[in-house]
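Chemist: Below is a structure I'd like to ask you about.
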Amino acid sequence: MEATGKILHLSRKMPAARRRQIAPNGVIGMLIFVITEIMFFSGLISAHTIVKSSALGVWPPPGQPRLPIQETLINTVALLVSGLLLQRSHVAYEKGLSSARRPLLWTLLLGAFFVVFQGAEWAALLREGLTMTSSTHGGFFYLIIGIHALHAIAGLLALLWCYRRLVSGDLLKSQLLTVEIFWYFVVGLWPLLYWRVYL
Amino acid sequence: VRLAARAVTVRRIGAVRFAPGARWLHSLAAALVCWSVPAIANACPVCFAAKDEANRVAFLATTVFLTAAPIILIGCFLSWAARRVRALEAETGESFEATAEPASGTLPTASPIAAERSEVVALRSPVAPDVQPTRDTP
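For the protein sequence lines, the chains are D and B, in the order given.
If you're matching positions, the first sequence starts at 1 in our numbering and goes up one per residue.
If you're matching positions, the second sequence starts at 1001 in our numbering and goes up one per residue.
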């Protein structure tokens, strides 16, 4: 007991180590989250690659509808442009909050276009008979692309929150950067998914 | 003579009788059984699906990819953190080694959050910042 008391007494006297931030907490947290998400999608893409290579003959399996490659290419371009506009919004933020509004709004609109276009594409594929249970092709398509679409919707909500704060003048740079990291992940992942799933 | 006698002494373990000297025979028999039927024991539950060269390459590539990905990601994260520390050290001119807590009541001057809040205030109204910087450490 006496020894414990002595240690406690000493620890009160000893100066505590001062911690310093290298980046805002939101940015660090988002980076760690994105790392886990990359591993998650890596698992899905790997499983898809194995199943695709195991299929005897052609892929997609015979009798299954073909995915709309050209139409989705337009969607891909829209998403990539939205990423570029978000970067432009970041640069504009440095000059003033009001100048960042327009590129952020266009990012939001293009992101919304991507999600709506995906929804329309899914509706058409479902009408053609491609479902989760129609084949492994359909199962993987809806799983991988669907999860990415969920991420895109989450990113859009975050961008919308950013835009509202920007309009009211309360948006911090760290908040914008946190949302940016997530949206860049959504945008950067899409070409890889397009290559592996559609082509 | 004593060792030979011990080797052939029959010992009772549970309800089964074992001769200690014959245990290696059981091990050998078990090893022979395992060696003679290797086809039904796949190391990986999906390895039997490797039908052709493309499939084999896919297994190999995805294994390498999934092995390397976390290492690369964590490496990139740590490298970014190290570069960030170096940049901040160069910017503030202070070392990022653990130092003593400042006297109570003083606010750290090199707080990114505090600096950022001041920036937002300055961007919103370029007249005078009215928001006090916050502490970055509890």
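Ideal placement from N, C-alpha and C gives every residue a C-beta, glycine not left out.
1. Residues of chain E with CB under 7 Å from B:THR1062, in chain order?
2. Could you check whether the Cβ of B:LEU1025 sits closer than 8 Å to any Cβ belonging to chain D?
3. Please name the residues in the stretch 22-44 of chain D whose beta-carbon is closer than 8 Å to at least one beta-carbon of chain B, in chain order.
4. Give a yes or no on whether 8 Å exceeds the smallest Cβ distance from D:SER89 to chain B.
5. Compare the C-beta of D:TYR194 against all C-beta atoms of chain B and say whether one is closer than 8 Å.
6. To be precise: take each residue of the stretch 124-151 of chain D, compare its Cβ to all Cβ atoms of chain B, and keep it if any distance is under 9 Å. Which residues remain?
7. Do D:ILE22 and B:ALA1081 count as a contact pair if the criterion is CB distance below 8 Å?
8. Where in the stretch 84-136 of chain D do unbroken runs of the alpha helix (DSSP H), each at least 4 residues long, occur, reported from the N-terminal end onward?
9. If you run the structure through DSSP and keep just helix, strand and coil, what is D:TRP195?
10. Run the CB neighbour count on B:ALA1030, radius 10 Å, all protein chains shown included, and call it buried at 16 or more, exposed below.
11. If you measure between the beta carbons of D:LEU97 and D:GLY169, is that distance less than 8 Å?
12. Around the Cβ of D:LEU199, are there at least 16 other Cβ atoms within 10 angstroms (buried) or fewer (exposed)?
13. Taking D:VAL179 and D:ALA158 to be in contact with their CB atoms under 8 Å, please state how far apart those CB atoms are, rounded to whole angstroms.
14. Would you please verify whether the beta carbon of B:ALA1103 is less than 8 Å from any beta carbon of chain D?
15. Any C-beta of chain B sitting closer than 8 Å to the C-beta of D:ALA54?
16. In terms of residues, what are the limits of the alpha helix (DSSP H) holding B:PRO1070?
17. Provide the residue span of the alpha helix (DSSP H) that contains B:ALA1029, from first to last.
18. Report yes if the CB atom of D:THR107 is closer than 8 Å to the CB atom of D:LEU85, and no otherwise.
Modeler: So, from the data block:
1. Given the protein chain composition of this structure (D and B), no chain E is represented.
2. By one-based count along the second sequence, residue 1025 of chain B stands at place 25. Taking Cβ atoms only, chain D never reaches closer than 8 Å to B:LEU1025, which makes this a no.
3. ILE22, ALA23, PRO24, LEU31, ILE32, ILE35, ILE38, MET39, SER42, GLY43
4. Indexing the first sequence from 1 puts residue 89 of chain D at position 89. Judged by the 8 Å Cβ criterion, D:SER89 is not in contact with chain B.
5. Within the first sequence, residue 194 of chain D is the residue found at index 194, counting from 1. Taking Cβ atoms only, chain B never reaches closer than 8 Å to D:TYR194, which makes this a no.
6. none
7. Against the second sequence, residue 1081 of chain B aligns to sequence position 81. Against the first sequence, residue 22 of chain D aligns to sequence position 22. Their beta carbons are under 8 Å apart, which means B:ALA1081 touches D:ILE22 by this criterion.
8. 101-128
9. For the purposes of this step, residue 195 of chain D is identified with residue 195 of the first sequence, where counting begins at 1. Three-state result, D:TRP195: helix.
10. Position 30 of the second sequence, counted from the start, is the residue given in the question as residue 1030 of chain B. B:ALA1030 comes out exposed.
11. By 1-based counting over the first sequence, the position of residue 97 of chain D is 97. By 1-based counting over the first sequence, the position of residue 169 of chain D is 169. Yes.
12. Translated into positions along the first sequence, residue 199 of chain D becomes position 199. The residue is exposed, with fewer than 16 neighbouring Cβ atoms inside 10 Å.
13. Position 179 of the first sequence, counting from 1, holds the residue named residue 179 of chain D. Position 158 of the first sequence, counting from 1, holds the residue named residue 158 of chain D. 4 Å between Cβ atoms; contact.
14. In the second sequence, residue 1103 of chain B corresponds to position 103, counting from 1. Here the model assigns B:ALA1103 a pLDDT of 44, short of 50, so the residue's position is not dependable, and the following value carries that caveat. With 8 Å as the cut-off, B:ALA1103 does not count as an interface residue toward chain D.
15. Position 54 of the first sequence, counted from the first residue, corresponds to residue 54 of chain D. Before going further, note that residue 54 of chain D is Ser rather than Ala in the sequence given. So, interface residue.
16. Here residue 1070 of chain B refers to the residue found at position 70 when the second sequence is read from its first residue. Unbroken alpha helix (DSSP H) run through B:PRO1070: 1053-1092.
17. As a position in the second sequence, residue 1029 of chain B is number 29, starting the count at 1. Segment 1023-1036, the alpha helix (DSSP H) holding B:ALA1029.
18. Here residue 107 of chain D refers to the residue found at position 107 when the first sequence is read from its first residue. Here residue 85 of chain D refers to the residue found at position 85 when the first sequence is read from its first residue. Yes, they are a contact pair.
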